[in-house]
Amino acid sequence: MNIIICGVGGNGVILTTRILAQAAINEGFNVRIGASHGLAIRGGTVVSYLRIGDDAKGVILPQRSGDILLAFEPLEALRQMKLLKDNAKVILNNQRFAGVDVHLGLSSYPEIEEIVTRITNSQELIEIEATNLAIKAGSSVMTNVVMLGSLVTSKEIPIQRDTLLNTILDMVPPETVAANKKAFELGEQAYLDTEKNNN
């Protein structure tokens, strides 16, 4: 199982990877983690790779080997398509966070509709308003927790729901446990609602 997590600096990509890795370890899985960074500042591209299972031998993820993409930002999702198998699952936070390269004029930002079309040409897409749901739970900082709730609801990963939730709650400040639990549950429901609307 190869999971790709992407976004821009400040989205919580690395923390999300650590949470998933710890949850997988808690269930006895072999885990390998790799990461690559673009501009290593807030707003730069951040991509991490989580390989779970007995066949997880290295941290370098070959092209066309990703099973699922958890994308915190639409343009960054589009940039990682080359790593995914055909018909892989893409769970996308549809909130735009233009990276440093866009702000500097080094890249242009396509319309969201174009990004969605290009992704759905080869992949199965689930769009989640994760940032808005995180704000509803208490803070946009919990966007990653909303996304994790959606991810585990997809049944695409071998990690059990309660294991992942408990791992999150063990890793967040005690005073934020209730809010993070709410964010996780909102992510679960958002996935189910979106999947139903897509069918």
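Here the sequence shown stands for residues -18 to 180, numbered as in the numbering used here. Glycine included, each C-beta is placed from N, C-alpha and C at the ideal position. Remember, it's a predicted structure, so these values are computed and weren't measured experimentally.
1. Using three-state DSSP, classify GLY130 as helix, strand or coil.
2. Measure from the alpha carbon of ASN161 to the alpha carbon of each residue in ASN147, ALA69, LYS63, then state which is nearest.
3. Can you tell which of ILE93, GLY39, ALA164, ARG(-1) has its C-alpha closest to the C-alpha of GLU57?
4. Secondary structure at ALA4, three-state DSSP: helix, strand or coil?
5. Distance check for ALA2 and GLN76, CA to CA, integer angstroms please.
6. Helix, strand or coil for LYS38, going by three-state DSSP, please let me know.
7. If you measure between the beta carbons of GLY(-7) and ASN125, is that distance less than 7 Å?
8. Between LEU51 and GLN61, is the Cβ-Cβ spacing less than 7 Å?
If we stick to the structure as given:
1. helix
2. ASN147
3. ILE93
4. helix
5. 25 Å
6. coil
7. yes
8. no
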